[in-house]
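Asker: Chains as they are written, first to last, in our numbering: chain A, 2 to 324; chain B, 2 to 324; chain C, 5 to 264; chain D, 5 to 264. Glycine included, each C-beta is placed from N, C-alpha and C at the ideal position. Here you go, one structure.
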Amino acid sequence: MSTQSLVTPYRKLREDTLARDRGLREKVMSLEEAAKLVSDGDHVALGGCHLSRTPYAMIWALIRARKQNLTVSRSIASSESDLLLASGVSRHVVTSWFSQGLIWGVSKVMRHYTENKLAVFEEWSHMSMGLRYRAGAMGIPFMPSRTMLGSGVGERLGDGLKTMTCPFTGEELALLPALNPDVALIHVQRCDAYGNAQLDGLQFMDLDIAMAAKRVILTTERIISNEQIRRTPDQTRIPFFTVDAVVEVQIGCAPHECYGVYEPFFSHLDEYAHMTTEDAVKGAQDYLARYYYEPKSWADYLSKLGMDAVLDACRRGRSVHND
Amino acid sequence: MSTQSLVTPYRKLREDTLARDRGLREKVMSLEEAAKLVSDGDHVALGGCHLSRTPYAMIWALIRARKQNLTVSRSIASSESDLLLASGVSRHVVTSWFSQGLIWGVSKVMRHYTENKLAVFEEWSHMSMGLRYRAGAMGIPFMPSRTMLGSGVGERLGDGLKTMTCPFTGEELALLPALNPDVALIHVQRCDAYGNAQLDGLQFMDLDIAMAAKRVILTTERIISNEQIRRTPDQTRIPFFTVDAVVEVQIGCAPHECYGVYEPFFSHLDEYAHMTTEDAVKGAQDYLARYYYEPKSWADYLSKLGMDAVLDACRRGRSVHND
Amino acid sequence: MTKHQSGGTTYTASELLCVMAARLLKDGQTVFAGIGVPLLAATLAQHQFAPHLTILFEGGTIGPRIVPGELPPSTNEQRCTRYANMVLPITDVLLLLQRGYVDIGFMGGAQIDRFGNLNSSFIGDADNPKTRLPGTGGGNDISSLTNMIVAMKHEKRRFVPDVDFITSPGWIRGRRSRAEAGLPEGGLWRVVTDLALMGFDEETREMKVLALQHGVTREQVQDNTGFKLLFDRKVETVEPPRKEELATLRRLDPDRRFTA
Amino acid sequence: MTKHQSGGTTYTASELLCVMAARLLKDGQTVFAGIGVPLLAATLAQHQFAPHLTILFEGGTIGPRIVPGELPPSTNEQRCTRYANMVLPITDVLLLLQRGYVDIGFMGGAQIDRFGNLNSSFIGDADNPKTRLPGTGGGNDISSLTNMIVAMKHEKRRFVPDVDFITSPGWIRGRRSRAEAGLPEGGLWRVVTDLALMGFDEETREMKVLALQHGVTREQVQDNTGFKLLFDRKVETVEPPRKEELATLRRLDPDRRFTA
């Protein structure tokens with residue numbers, strides 16, 4: 002692994018940030034418009050984790066827009082990263098764990114692309130992923146930590162991981178390079194037109210990712226008024242000036258879950274697993290054709306998942322509030 | 002400044018933490034009982050900032066218990082630290098700013114004790130205070146940062162501040178030593194009997210302080226049930242296992258403010274400033290006698306502040322909710 | 005699916021693992037639990053004898069209550085947060101391990117070696133793997149920072165002299181090599197399998213059998229292990245799963261999602 | 005209290021500072037403001053011409069609205085959070101400066117030198133000070149990390165050749181010394197006083213007068229400064245405070261808490 006441009010130099014980071022329009026302004030747009038904010042070759046960080054708050058609608062839009070050569074990072078990668086590989090949008094996934102989910106066995110799509118060297122699965126420990134985003138969010142070039150030492154995971158990163166002796170204690174430390182993604186895709190329960198976002202429940206690494214990234218695209222179950230945000234400012238988790246696009250898209254994580262709104266679409270995920278078990282490539286292509294390239298709109302995509310499935314996922318999702 | 006034991010060695014930190022009873026257990030006690038958890042010579046971190054959420058009731062109890070030789074740290078120190086010096090409880094305040102407040106001019110008590118070398122005011126930048134607590138909270142021995150370089154503030158810390166060249170970018174960085182206080186005193190709006198605390202509004206450095214400290218004493222406006230906490234776990238800011246004592250004490254920050262409950266007692270703070278203007282030492286002693294040593298209880302102390310003052314502060318305090 | 009039996013009670017290997025692992029926990033402890041057997045075992049302990057045991061999940065949950073029949077698909081979904089004391093970001097829940105608030109890390113394992121190193125990354129050579137496995141997740145962090153229990157099936161292909169790849173470090177190359185690698189705290193404490201309960205020699209850090217599952221012999225354990233095991237001076241046989249333990253487990257996982 | 009006057013309008017030095025400083029801000033900017041004149045000036049700019057200017061406060065507030073007549077006693081109390089877009093921990097709001105989200109840091113000053121270094125720690129020798137001042141607060145962080153405006157009274161004892169102690173670094177010893185000290189970004193951009201508006205020479209980083217307040221001469225400015233000032237090739241005289249500006253200010257601070 003090359004350290005070349007692994008960490009954005011501070012002057013570059015500051016210049017990039019200064020160049021952004023950080024004023025309080027409306028930035029509501031469509032999925033298709035937001036997709037234009039992602040350039041081929043970008044490092045795209047995905048919010049959420051595993052089956053939770055995956056920014057699926059935006060990923061769907063990027064795949065439909067035929068983006069190329071994206072590097073994708075996430076705390077834990079699931080079927081969305083399978084599809085980013087299978088669609089040719091990405092050939093490089095940076096994460097701590099990559100498979101659809103324990104209950105479906107090891108992802109055949111991930112295995113096909115990585116074992117045949119068609120794609121890179123760059124593995125960091127889970128905390129290291131989080132600390133890399135956090136260092137990026139804080140504007141420091143690395144974060145000291147105490148894991149990955151003595152392991153193959155650390156060793157395999159080569160110069161991507163440095164070590165040092167603490168000048169205060171003499172202890173051996175790992176130094177994790179800051180990660181400032183070009184773009185972050187984050188799905189939230191609600192935000193205003195400026196991008197002030199309030200997230201319920203599990204936050205994952207989203208706050209750090211938003212602060213670290215050079216551009217942020219928010220998809221949201223609902224756009225609320227700025228006055229509503231200002232009533233409970235201590236509930237805002239992502240400030241507007243980090244955000245470049247706001248897209249309102251209901252059930253925007255389907256077939257994954259959005260805390261308090263819907264649980265995962267388990268039957269659909271079973272279907273995906275089943276389709277990709279025999280022939281991972283053909284299965285994934287068939288899946289993409291049916292659910293990604295054919296639908297006219299996100300609503301059309303949801304209708305292919307089925308009204309029963311949507312209602313069931315939503316009924317289960319609300320259980321955290323009223324059980 | 003000596004680096005000796007500036008940073009707690011990792012093995013010691015782990016041993017100390019392991020030795021704590023971290024199980025889910027009730028820990029409700031009185032101010033007097035909680036004061037026994039503070040030993041002479043301890044480093045005591047104070048939650049809140051300036052006139053906000055100052056753990057005044059607990060400080061009041063420590064002064065009444067005639068503690069000695071405490072080192073006190075806080076993001077911004079105000080009249081509470083004046084009184085810790087004047088009472089003889091502390092001779093060492095670690096903070097970024099120390100005075101009663103801009104509107105009262107420079108604190109005469111702080112000036113008397115520091116200019117006459119009766120006490121040390123150890124000055125760090127505000128962000129550095131926060132990052133020192135944060136490093137302590139994260140279990141790392143230092144945090145890299147980009148301030149205090151080229152300044153007298155940094156220079157005066159001697160070996161307390163180290164610098165290094167970043168192995169990823171070649172940039173010059175300051176390394177801030179982790180701060181793991183012996184005890185943290187934190188006042189919250191509500192918590193349960195186990196110490197799960199929910200804080201409204203400004204959080205200051207309290208979350209990091211709680212996580213960094215070796216013991217935590219929470220004072221709270223109100224103890225609520227654990228079931229109530231479990232209804233909105235995403236509102237919990239301090240987890241029970243960091244907490245060693247829970248003391249219910251209403252208006253527990255008086256004469257300072259508690260977000261959403263009461264604003265500062267401005268007239269009383271004017272009185273304190275007035276008492277300490279002419280003769281800082283005698284003024285502070287008179288103040289301590291009247292408000293610290295004479296009252297029989299916290300309610301008695303509040304009654305000396307006056308019912309009118311309490312009602313007025315509470316009326317103003319609630320304005321964030323209903324204006 | 006192997007069926008085990010004792011005194012008229014039938015149970016699966018996974019159920020056996022859950023019960024035995026649960027018994028290793030103590031009331032008042034803080035346990036960082038992975039999905040599957042660890043989650044079930046920790047919950048079983050809470051229901052049986054450790055009401056004040058606190059479970060942490062990697063997704064960012066402190067002290068939830070698992071709702072019987074609504075087991076989460078991983079430790080990162082909303083089902084993990086039911087009746088929790090606190091929900092916090094992933095990085096911060098993992099940092100609790102580094103800060104030292106956690107007593108026990110508790111994971112499953114795919115491949116383990118004589119020094120307790122775990123592999124969940126590559127079968128075969130990492131550059132040309134036979135199988136790319138899902139990777140570390142929080143495994144490397146948990147095993148680097150705290151005392152670990154691993155629960156896994158006892159098979160020769162899983163118990164190898166040296167793992168193909170150290171995903172989650174145990175005692176590395178034994179003796180003081182773990183501390184020398186920069187990991188002064190934690191280490192692999194117990195390995196629970198369907199055949200035995202194992203620890204590690206205090207000096208050499210080699211795997212050592214401490215107790216045998218009911219009806220299992222030393223030879224069986226050794227025959228299913230790819231390296232030479234140490235045996236404690238006093239190897240006991242553990243009590244088989246009790247009816248109440250199995251009943252609780254089956255109430256928690258009625259669909260046998262993790263105990264089949 | 006000095007009274008200033010222009011065309012029948014009377015105003016205080018603090019009011020003059022607020023008005024002049026406000027005019028330096030631009031709509032859409034993010035301004036990290038201290039208590040007193042900075043807070044008032046930023047709010048004045050919002051009311052006059054910069055409705056989308058975002059104010060940050062050190063206590064942990066993003067984009068509040070200041071309620072006229074309810075000015076906070078510092079930037080750390082609940083009055084700072086009224087109608088805010090977000091409230092966050094102190095360390096995190098200060099880290100926004102380090103990450104680069106802030107356009108302008110805006111503070112008052114007790115003592116300044118020709119290179120724009122500020123002292124709010126010690127008058128006299130730091131080891132045996134004549135006066136121990138309250139210290140840096142966020143001043144050192146703000147001045148180390150972003151472009152700064154300082155608003156202060158213009159007095160000879162405050163404008164000294166070299167500050168007794170560098171609490172908040174400006175251009176340190178001039179030329180490239182700031183970057184060489186490890187501060188590649190930011191620096192002191194403007195000093196606003198009741199006599200003049202000053203910047204710093206691009207090469208030497210010495211203080212340079214850019215404009216004079218209404219009715220003030222070059223000699224007056226130099227006479228009230230403890231070191232030799234540079235003067236820009238084109239020194240202008242700024243327009244005195246307009247009635248609307250003063251009226252807005254007085255509505256914001258009717259008790260003249262910060263504008264007396």
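Provide the residue span of the alpha helix (DSSP H) that contains Ala179 (chain B), from first to last.
Answerer: Here Ala179 (chain B) belongs to no alpha helix (DSSP H), and DSSP marks it neither H nor E.
Asker: Where does Arg222 (chain C) fall in DSSP's three states?
Answerer: It is helical.
Asker: Tell me whether His44 (chain A) sits in a helix, a strand or coil according to DSSP, three-state version.
Answerer: His44 (chain A) falls in the strand class under three-state DSSP.
Asker: When you compare only the Cα positions, how much space is there between Ser304 (chain A) and Leu98 (chain C)?
Answerer: Straight-line Cα distance between these residues: approximately 39 Å.
Asker: Any idea what DSSP makes of Lys13 (chain B), helix, strand or coil?
Answerer: The answer is helix: DSSP assigns Lys13 (chain B) an H, G or I state.
Asker: Let me see if you follow: with CB-CB separation under 8 Å, is Glu172 (chain B) close to chain A or not?
Answerer: Yes, Glu172 (chain B) counts as interfacial toward chain A.
Asker: Along the segment 94 to 109 of chain D, where does the CB come closer than 7 Å to a CB of chain A? Name the residues.
Answerer: Residues Leu99, Gln102, Arg103, Gly104, Tyr105.
Asker: Which complete alpha helix (DSSP H) runs does the segment 155 to 184 of chain D hold, if anything under 4 residues is left out?
Answerer: The segment 155 to 184 of chain D contains these whole alpha helix (DSSP H) runs: 181 to 184.
Asker: Closer than 8 Å, Cβ to any Cβ of chain D: which residues of the segment 259 to 287 of chain B, in chain order?
Answerer: If the cut-off is 8 Å between Cβ atoms, the segment 259 to 287 of chain B has Tyr260, Gly261, Glu264, Pro265, Phe267 near chain D.
Asker: For Met111 (chain C), write down the residues that DSSP places opposite it in a beta bridge.
Answerer: Answer is C:Val154.
Asker: Residues in its own chain within less than 7 Å of Gly177 (chain C) by CB, not counting five upstream and five downstream?
Answerer: The question names Gly, but residue 177 (chain C) in the sequence shown is Arg. Same-chain partners within the cutoff: Phe119.
Asker: Return the CA-CA distance between Val311 (chain A) and Pro77 (chain C), expressed in angstroms with no decimal places.
Answerer: About 18 Å.
Asker: Between Glu13 (chain B) and Val39 (chain B), which are expected to be in contact by the criterion C-beta below 8 Å, what is the C-beta distance as a whole number of angstroms?
Answerer: This sequence places Lys at residue 13 (chain B); Glu is not what is there. With a Cβ gap of about 19 Å, Lys13 (chain B) and Val39 (chain B) do not count as contacting.
Asker: In chain order, what are the residue ranges of uninterrupted beta strand (DSSP E) at least 3 long that sit wholly in the segment 215 to 249 of chain B?
Answerer: Fully enclosed beta strand (DSSP E) runs of 3 or longer: 217 to 224, 246 to 249.
Asker: Short of 7 Å Cβ to Cβ, which residues in the segment 60 to 75 of chain C face chain B?
Answerer: Taking 7 Å as the Cβ-Cβ cut-off against chain B, the residues of the segment 60 to 75 of chain C that qualify are Ile66, Gly67.
Asker: With three or more beta-carbon pairs closer than 8 Å as the criterion, would you say the segment 21 to 28 of chain C touches the segment 40 to 55 of chain C?
Answerer: Short answer: they touch.
Asker: If you reduce the DSSP assignment to three classes, tell me which class Ser100 (chain A) lands in.
Answerer: Residue state, collapsed to three classes: coil.
Asker: Since Ala155 (chain D) and Leu21 (chain D) are thought to touch, with beta carbons under 8 Å apart, how far apart are those beta carbons, to the nearest angstrom?
Answerer: Yes, they are in contact, since the Cβ atoms of Ala155 (chain D) and Leu21 (chain D) sit about 5 Å apart, within 8 Å.
Asker: Which ranges would you report for the alpha helix (DSSP H) in the segment 146 to 196 of chain B if only whole runs of at least 4 residues count?
Answerer: Segments of the alpha helix (DSSP H) lying fully in the segment 146 to 196 of chain B: 153 to 157.
Asker: Can you name, in chain order, every residue of its own chain whose Cβ lies under 6 Å from the Cβ of Gln236 (chain A), other than the five neighbours on each side?
Answerer: So the list reads Gln199, once near-sequence residues are dropped.
Asker: Could you give the residue range of the beta strand (DSSP E) that holds His8 (chain C)?
Answerer: 7 to 10 is the extent of the beta strand (DSSP E) around His8 (chain C).
Asker: So, are the CB atoms of Met149 (chain B) and Gln102 (chain C) less than 8 Å apart?
Answerer: No; because the gap between Cβ atoms is not below 8 Å, this pair is not in contact.
Asker: List the residues of chain C that Phe205 (chain A) touches, going by C-beta distances under 8 Å, in chain order.
Answerer: Those within 8 Å of Phe205 (chain A) in chain C are Gly63, Gly64, Asn80, Pro93, Ile94.
Asker: Given that a residue counts as buried once 16 or more other Cβ atoms are within 10 Å of its Cβ, and exposed if not, what is Ala274 (chain B)?
Answerer: Buried: at least 16 other Cβ atoms inside 10 Å.
Asker: For Thr166 (chain B), count neighbouring Cβ atoms within 10 angstroms of its own Cβ and tell me buried if that reaches 16, exposed if not.
Answerer: So Thr166 (chain B) ends up on the exposed side.
Asker: Here's a check: name, in chain order, each residue in its chain whose Cβ is nearer than 6 Å to the Cβ of Asp17 (chain B), leaving out the five neighbours to either side.
Answerer: Only Lys215 meet the Cβ criterion.
Asker: Tell me which same chain residues have a C-beta within less than 6 Å of the C-beta of Ser10 (chain D), skipping the five on either side of it?
Answerer: Same-chain partners within the cutoff: His218, Pro244.
Asker: Starting from Val196 (chain D), trace the beta strand (DSSP E) both ways and give me its first and last residue.
Answerer: Element bounds for Val196 (chain D): 191 to 196.
Asker: Using the C-alpha atoms, what's the distance from Tyr105 (chain D) back to Val91 (chain D)?
Answerer: Distance between the alpha carbons of Val91 (chain D) and Tyr105 (chain D): 16 Å.
Asker: Just grab the DSSP bridge partners of His93 (chain A) for me.
Answerer: Answer is A:Thr72, A:Val121, bridged to His93 (chain A).
Asker: Determine whether the beta carbon atoms of Leu119 (chain A) and Glu81 (chain A) lie at a separation below 8 Å.
Answerer: Going by C-beta atoms, Leu119 (chain A) is not nearer than 8 Å to Glu81 (chain A).
Asker: Who are the neighbours of Leu176 (chain B) on chain A, taking C-beta pairs under 7 Å?
Answerer: Those within 7 Å of Leu176 (chain B) in chain A are Pro168.
Asker: So which of B:Asp271, B:Thr278, B:Arg319, B:Glu222 has the shortest CA-CA distance to Thr55 (chain B)?
Answerer: Out of B:Asp271, B:Thr278, B:Arg319, B:Glu222, B:Glu222 has the C-alpha closest to the C-alpha of Thr55 (chain B).
Asker: Who are the Cβ neighbours of Pro138 (chain C) in its own chain at under 7 Å, not counting the five residues just before and after it?
Answerer: The residues are Ser124.
Asker: Taking Leu216 (chain D) as part of the beta strand (DSSP E), name the residues at either end of that continuous run.
Answerer: It spans 211 to 216 - the beta strand (DSSP E) in which Leu216 (chain D) sits, taken as one unbroken run.
Asker: Would Glu211 (chain A) and Thr243 (chain A) be called neighbours here (beta carbons separated by less than 8 Å)?
Answerer: Reading the sequence as shown, one finds Ala at residue 211 (chain A) and not Glu. Taking 8 Å as the Cβ cut-off, Ala211 (chain A) and Thr243 (chain A) qualify as a contacting pair.
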